[in-house]
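Q: To start, I am sharing the structure in question, which I have written as structure tokens.
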Amino acid sequence: LTGNEIFTLQLLRRQLTNVRYSLGVFGFSVSTKNKEVEVKENEGIDLTCSYSADFGSNARVEWKFKNMEGSQAYVVFDGKPTDPYSSRLSMYSGSNVRFSKVTRKDTGVYDCEVSGNGQFGEVRVTLTVLVPPSPPVCKIPSSVTTGKMAMLSCHDGDGSPPPTYMWYKNGVPLPADPRTISGYQNATYSLNTTHGSLTYARTSRSDSGEYYCEAANKAGPVQRCRAARMEVRDINTGGIVAGVIVALLLLALLGFGIWYAHKKGYLPSEFSSLA
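If you count the sequence shown from 1, you need to add 14 to reach our numbering.
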């Protein structure tokens with residue numbers, strides 16, 4: 015059977031089970047000791063699954079895994095660990111699985127599926143592999159024009175569970191909801207602690223300062239990025255006007271030079287006819 019055919023068969027089994035439950039057939043049960051399991055990376059862990067005797071002595075047990083991106087794969091099929099897991103996973107007591115070592119890629123949900131005597135049941139176990147965050151990567155603009163939007167970003171791709179983020183300005187933490195904190199009611203920023211973004215809708219000179227971000231989860235110590243200064247400056251209108259005047263003077267000087275050269279006959283005849 016192909017992978018798609020196998021999953022289609024399992025879907026039909028579930029639908030049949032739902033029909034039987036609606037008819038009052040409740041004797042068959044599948045359970046686990048822990049539905050939420052956490053373990054540090056590179057350590058071992060057991061995922062338990064037990065089922066009632068109604069399934070019979072020859073019940074079929076399979077374990078299926080769905081990762082954080084939604085991809086599915088069999089961990090145990092036809093009573094045996096599949097090839098990707100065979101070197102670090104074993105079964106015991108007929109239906110439990112034991113990882114000798116887990117990696118961050120093992121984070122996800124595991125379904126223990128039991129079938130026998132024409133019945134089907136399942137139980138889900140969620141496994142979180144704990145990985146401390148690394149120093150996050152921060153993007154902080156060095157210069158912003160007053161009144162323009164500014165976006166600061168902070169991201170760590172290693173932490174599991176995904177870390178939460180906190181932004182600091184001049185060493186002081188910025189409240190996630192400035193409207194609720196005295197002294198910040200007029201702040202124009204929004205802070206997303208899940209995605210690590212700090213956005214100023216309209217910057218002012220008071221937003222200038224030294225910024226850095228911290229990433230934290232329960233797996234390890236807090237990590238921060240290197241601080242960087244963001245400067246909010248007004249538009250230099252005087253400089254712009256001066257630049258325009260200088261450009262006009264240069265154009266006038268160039269025009270006068272061409273006219274003078276033409277007047278004195280310094281230009282080639284071809285250029286003189288164009289001038």
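Just so you know, even glycine gets a beta-carbon here, dropped at the ideal spot from N, CA and C.
1) Are the beta-carbon atoms belonging to V128 and K49 less than 7 Å from one another?
2) I need the boundaries of the beta strand (DSSP E) containing E50, first residue and last residue.
3) Looking at the structure shown, is I249 part of a helix, part of a strand, or coil, going by DSSP?
4) Taking Cβ positions, are L61 and Y124 nearer each other than 7 Å?
5) Sorted by chain position, which residues of the same chain lie with C-beta nearer than 6 Å to S64's C-beta, five sequence neighbours on each side aside?
6) Hey, how far is the Cα of S104 from the Cα of Y88?
7) Is it right to say F270 is buried, meaning 16 or more other beta carbons lie within 10 angstroms of its own, or is it exposed?
8) Since E228 contacts M165 with CB under 8 Å, what's their CB separation in whole angstroms?
9) At 3 residues or longer, what runs of the beta strand (DSSP E) sit wholly inside the region 150-213?
10) Can you give me the Cβ contacts of V90 inside the same chain, cut-off strictly under 6 Å, excluding the 5 residues immediately before and after it?
11) In three-state terms, what does DSSP make of F270?
12) Out of curiosity, what's the CA-to-CA distance linking L116 and P98?
13) Within a Cβ cutoff of 8 Å, which residues of the same chain sit near E136, ignoring the five residues on either side of it in sequence?
A: On the basis of the coordinates in this document:
1) The answer is no: Cβ separation not under 7 Å.
2) Here the beta strand (DSSP E) through E50 covers E50 to K54.
3) I249 falls in the coil class under three-state DSSP.
4) Here L61 is near Y124, since their CB atoms are less than 7 Å apart.
5) S45
6) Inter-residue distance for S104 and Y88 is about 14 Å (C-alpha atoms, whole angstroms).
7) exposed
8) The Cβ separation is near 18 Å, so there is no contact.
9) 151-153, 157-159, 164-169, 178-183 and 203-206
10) Apart from sequence neighbours up to five positions away, the residues of its chain that approach V90 with a beta-carbon distance below 6 Å are E76 and W77, ordered along the chain.
11) F270 falls in the helix class under three-state DSSP.
12) Strictly speaking, residue 116 in this sequence is Val, with Leu absent from that position. So the alpha carbons of these two residues sit roughly 12 Å apart.
13) R28, V44, D125, C126, E127 and V128
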